[in-house]
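Read through the structure below, which is laid out as structure tokens, and then see the notes.
Protein chains: 2
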Amino acid sequence: MQSREMQLVRRPSGLPREDDFRLVERKLGPCPPGLVRVRNRFISVDPYMRGRMTSPANPFALNEAVPGRTIGEVVESGDRRLRPGDLVRSMSGWREAFDAPAAALEYLDPRSLPPQAYLGVAGVSGLSAYAGLVRVAQLKQGETLFVSAASGAVGMVACQVARILGARVVGSAGGPEKCAFLREIGVDAVIDYKAEPDLDAALARAAPAGIDVYFDNVGGAHLEAAIAALRPFGRVAICGMISIYNEAALPPGPANLVTIVGKSARIEGFLAATHMDLMPEFIRNMEAWIGSGAVRYRDTIHDGIEALPRAFISLFTGANFGKPLVRIP
Amino acid sequence: MQSREMQLVRRPSGLPREDDFRLVERKLGPCPPGLVRVRNRFISVDPYMRGRMTSPANPFALNEAVPGRTIGEVVESGDRRLRPGDLVRSMSGWREAFDAPAAALEYLDPRSLPPQAYLGVAGVSGLSAYAGLVRVAQLKQGETLFVSAASGAVGMVACQVARILGARVVGSAGGPEKCAFLREIGVDAVIDYKAEPDLDAALARAAPAGIDVYFDNVGGAHLEAAIAALRPFGRVAICGMISIYNEAALPPGPANLVTIVGKSARIEGFLAATHMDLMPEFIRNMEAWIGSGAVRYRDTIHDGIEALPRAFISLFTGANFGKPLVRIP
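Protein chains in written order, with the working numbering: chain A, 1 to 329; chain B, 1001 to 1329.
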């Protein structure tokens, strides 16, 4: 059986390029006894991967398949816990097919959402939004939340979960189409940052009394504007800073950081990995919320394993809407 | 009765100057019925006052006595709860004497420490250290703490309370005399930042496995080095950023702020005012710790109300050792 995989062959400098990656053919022999053979159906591309590609501390290996989350279907099983046709989530990476022990595969019993939702809105992207609001920022009813990259895979969930929690939501996105979507999903005030010469002024208009929580996906000018708008005892949950992942040198941090002293404010970074214990509660909630229409979502589907580099690069160019996924035929 | 007061007459630009202040004579008539007349004996000068002098949101008034904490002695009382000779702590500001309702005066029953200690080591300076470690950073036994301005009024308490809590302490101060004092009070590793060309390297030598908590009094390069050295789930408690209070424009923030995401780290500003409920517990502990020799402290005493501007300015030039106080004869 043939299985192609997409390898990282060069550490990106700045915005990743398609030739930082290489598609390699692998032959899978017979499935070894006791293992399970899986065909991936959807592969996730995520902003955090950019950091790992050039991380001094914890880098992805070169000339190996890029690690990452996938949804796949069992095609052969040497373990009685899984059967052909079963859907599994795993960290199998950018490959068409693979063999793994059942313990490395998370069985998804037949559920109400399409399989790819468990990589996005009901997957780790959505969990990031949920954990960031509920556990890190501890968003409360009646508070005002500001979300950047609000139409992205994480941001759109943050906006809608915050509304369910009873918060007022200000969302920022780039361009009229994304902003229209934010209005559709109930965001109270929408900022098109590409059309705004002054983000501080735009945020002051959108939240005249300031904000209690900022959910940061982008860093840079958004973070600085959010710190300026923070109310006393405000919280910033930093999920990511996509604006700087491709910078050759780290740009300066927010000059107004000192103002968090007088406001008794808090800035906290977090990783979804720390909050995996919330996953069962999160999935239950999300299935109910999507079922009732309280949460809506969008994916951007790219087709074929060849599309992985392009889908990944699109994360940084604003070309995506919602969660970008690669579908394996 | 004459009472002189030190007024702010011009908002400082950069480092405050003595002529930003003016000494004004006031006549106090007979003490009004029901009020209490107090002669101040010690007046506190604190870094946070610099911010309030030019704060857009919450500025000190011009041509009035600078607000601030004092220890005074009751000289006349129209309230049966206080008697001449009683020691009181209050926010009476930079004045020799004043009349106030008893409710604005905190009675200090005869205690084990000299009166001025209740403005410094056992006052709000010390409480800032205590609250920052115990409540904000939640420092735990066995963790490593880094403290900047470690020989200052707040820093020296932070170092010693952290040792009592069972933490390993790295302290930074400027010059051999201050560093010698840090060694005397049991700081495990001392950094003379004025003699160190590379603060990151010095901190890496002092804490090879990184730090769990940074208690920030200075901001700037110290904050950036501390963020670089933070371990996963590290905390930064920001008490102040004295390095930037006199800057005309806010300098850039730490470029490595983004690294708190991967470390799940937290940066939190705080004000002692939020944690005044800890004061009774704090004073009890501090009296016991000073009594047993577990905590030692130093003051820098300036004499006479005329010395207030000079004492205040000395906060920013590194000329002080421990808590600077002005004694009123």
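Glycine is no exception: its CB is placed at the ideal position from the N, C-alpha and C atoms.
Partner residues on chain B for residue i, Cβ-Cβ distance less than 7 Å
i: A/Ser264; result: Gly1269, Phe1270, Leu1271 and Thr1274
i: A/Gly219; result: Val1258
CA nearest to the CA of residue i, picked from the options
i: B/Gly1155; options: B/Glu1064, B/Met1241 and B/Ser1003; result: B/Met1241
i: A/Ala226; options: A/Glu64, A/Asn63, A/Ala249 and A/Ala202; result: A/Ala202
i: A/Leu199; options: A/Val187, A/Ile185, A/Ser172 and A/Gly132; result: A/Ser172
i: B/Asn1246; options: A/Val258, A/Pro280 and A/Ser148; result: A/Val258
i: A/Arg4; options: A/Gly219, A/Ala149 and A/Glu96; result: A/Glu96
i: B/Ala1265; options: B/Gly1219, B/Glu1064, B/Met1053 and B/Pro1232; result: B/Pro1232
i: B/Glu1064; options: B/Ala1307, B/Arg1083, B/Phe1021 and B/Gly1210; result: B/Phe1021
i: B/Ala1273; options: B/Gly1014, B/Val1124 and B/Ser1090; result: B/Val1124
i: B/Pro1084; options: B/Ala1102, B/Ala1117, B/Arg1135 and B/Glu1177; result: B/Ala1102
i: A/Leu133; options: A/Met1, A/Cys239, A/Ala255 and A/Pro30; result: A/Cys239
i: A/Leu182; options: A/Leu113, A/Ala288, A/Trp289 and A/Val295; result: A/Val295
i: A/Ser44; options: A/Gly318, A/Asp303 and A/Thr317; result: A/Asp303
i: A/Ala129; options: A/Leu113, A/Phe146 and A/Gln116; result: A/Phe146
i: B/Lys1178; options: B/Arg1168, B/Val1190 and B/Phe1042; result: B/Val1190
i: A/Val170; options: A/Ala153, A/Gln2 and A/Asp188; result: A/Asp188
i: A/Ile301; options: A/Asn58, A/Tyr107 and A/Ala153; result: A/Ala153
i: B/Lys1194; options: B/Thr1317, B/Val1326 and B/Phe1042; result: B/Thr1317
i: B/Val1009; options: B/Ile1328, B/Pro1309, B/Pro1324 and B/Leu1315; result: B/Pro1309
Start and end residues, beta strand (DSSP E) containing residue i
i: B/Pro1324; result: Lys1323 to Arg1327
i: B/Gly1237; result: Correcting the residue type first, residue 1237 of chain B is Ala in the shown sequence and not Gly. That run of the beta strand (DSSP E) goes Leu1230 to Ile1238.
i: B/Lys1027; result: Phe1021 to Lys1027
i: A/Gly72; result: Thr70 to Ser77
i: B/Ala1006; result: According to the sequence shown, residue 1006 of chain B is Met rather than Ala. Taken as a continuous stretch (DSSP letters only), the beta strand (DSSP E) holding B/Met1006 covers Gln1002 to Leu1008.
i: A/Tyr48; result: Unbroken run through A/Tyr48 is the alpha helix (DSSP H), Tyr48 to Thr54; no beta strand (DSSP E).
i: A/Ala97; result: Ala97 to Ala100
i: A/Ile211; result: Ile211 to Asp216
i: A/Leu292; result: Reading off the sequence, residue 292 of chain A comes out as Ser, not Leu. Counting along the chain, A/Ser292 falls outside any beta strand (DSSP E), though it belongs to the alpha helix (DSSP H) covering Met279 to Ser292.
i: B/Asp1200; result: Looking at the DSSP string, B/Asp1200 is not in any beta strand (DSSP E); the run it does join, the alpha helix (DSSP H), is Leu1199 to Ala1206.
i: A/Asp299; result: Asp299 to Asp303
i: B/Arg1296; result: No beta strand (DSSP E) holds B/Arg1296; DSSP gives it neither H nor E.
i: A/Arg89; result: Leu87 to Ser90
i: A/Ala173; result: Arg168 to Ala173
i: A/Leu108; result: Glu106 to Leu108
i: A/Thr144; result: Thr144 to Val147
i: B/Asn1040; result: Val1036 to Ser1044
Where the alpha helix (DSSP H) containing residue i begins and where it ends
i: B/Ile1313; result: Leu1308 to Ser1314
i: B/Ser1151; result: Unbroken run through B/Ser1151: none, as it is neither H nor E.
i: B/Val1124; result: Val1124 to Ala1131
i: A/Gly262; result: Thr259 to Gly262
i: B/Ala1189; result: First-last for B/Ala1189: Ala1189 to Asp1192, but that is the beta strand (DSSP E), not the alpha helix (DSSP H).
i: A/Glu184; result: Pro176 to Glu184
Cβ distance (whole Å) where residue i is taken to contact residue j below 8 Å
i: B/Asp1212; j: B/Ala1237; result: Not quite, the Cβ-Cβ distance comes to about 12 Å (not below 8 Å), so this is no contact.
i: B/Gly1093; j: B/Pro1067; result: 5 Å
i: B/Met1286; j: B/Ala1122; result: 4 Å
i: A/Gly166; j: A/Gln141; result: 3 Å
i: B/Pro1110; j: B/Ile1313; result: So it is not a contact: roughly 34 Å between Cβ atoms.
i: A/Val75; j: A/Arg37; result: 5 Å
i: A/Leu127; j: A/His222; result: With a Cβ gap of about 22 Å, A/Leu127 and A/His222 do not count as contacting.
i: A/Arg69; j: A/Leu278; result: Contact doesn't hold; Cβ gap of about 16 Å is too wide.
i: B/Gly1034; j: B/Gly1078; result: 5 Å
i: B/Leu1028; j: B/Met1006; result: About 16 Å separates the two Cβ atoms, so there is no contact after all.
i: A/Phe321; j: A/Ser151; result: 6 Å
i: B/Gly950; j: A/Leu271; result: The question about residue 950 of chain B has no answer, for chain B in this structure spans 1001 to 1329.
Residue i at chain B interface by Cβ criterion, 8 Å
i: A/Val258; result: yes
i: A/Asn203; result: Before going further, note that residue 203 of chain A is Leu rather than Asn in the sequence given. False, the Cβ-Cβ gap to chain B never drops below 8 Å.
i: A/Pro252; result: yes
i: A/Gly85; result: no
i: A/Gly210; result: no
Chain-ordered chain B contacts of residue i [CB-CB under 8 Å]
i: A/Val261; result: Ile1238, Cys1239, Gly1240, Met1241, Gly1269, Phe1270 and Leu1271
Cutoff 8 Å: residue i Cβ touching any chain A Cβ
i: B/Ile1244; result: yes
i: B/Ala1255; result: yes
i: B/Gly1152; result: no
i: B/Gly1155; result: no
9 Å Cβ cut-off: residues of chain B touching residue i
i: A/Gly51; result: Val1258, Val1261 and Gly1262
Residue i CB to nearest heavy atom of the ligand FAD below 7 Å
i: A/Leu113; result: Among the components modelled here there is no ligand, and therefore nothing to report on the ligand FAD.
Closer than 8 Å to chain D by CB, residue i
i: A/Phe215; result: Of the protein chains in this structure, namely A and B, none is chain D.
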